[in-house]
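Engineer: Numbering (this note's numbering), first residue to last: 783 to 888.
(1) Which of the three DSSP states is assigned to residue 828 in this structure?
(2) Express the C-alpha separation of residue 864 and residue 878 in angstroms, rounding to a whole number.
(3) Given this structure, state the Cα-to-Cα distance separating residue 858 from residue 851, to the nearest angstrom.
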């Protein structure tokens, strides 16, 4: 039973994406130990190192994605604040113009 993970990773330029496909096959330890125990141990160590590297890469990718999401959230929040301020200014401007218009027609 193997493990297969597929990710899309956005590159620095906005129109490029990299396809990351990770597939790991577990080391099978034969029950009757036909291979020498040293060879089996070495394969297990290699698999452990490989899995640790994969874990580190995935952890790094997760943190990078979290940071990107946080940046997008902050940008959206700032955009909303700016739009609210603009709307407030426009409402005030409309109110003042309406008040001036009523004074002229009275």
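Ideal Cβ placement from N, Cα and C applies to all residues, glycine included.
Everything numeric in this text was worked out from a predicted model, so none of it was measured.
Structural biologist: Put simply:
(1) In the structure shown, residue 828 falls within a helical segment according to DSSP collapsed to helix, strand and coil.
(2) Residue 878 and residue 864 have their C-alpha atoms spaced approximately 21 Å apart.
(3) In a straight line, the C-alpha of residue 858 is about 11 Å away from that of residue 851.
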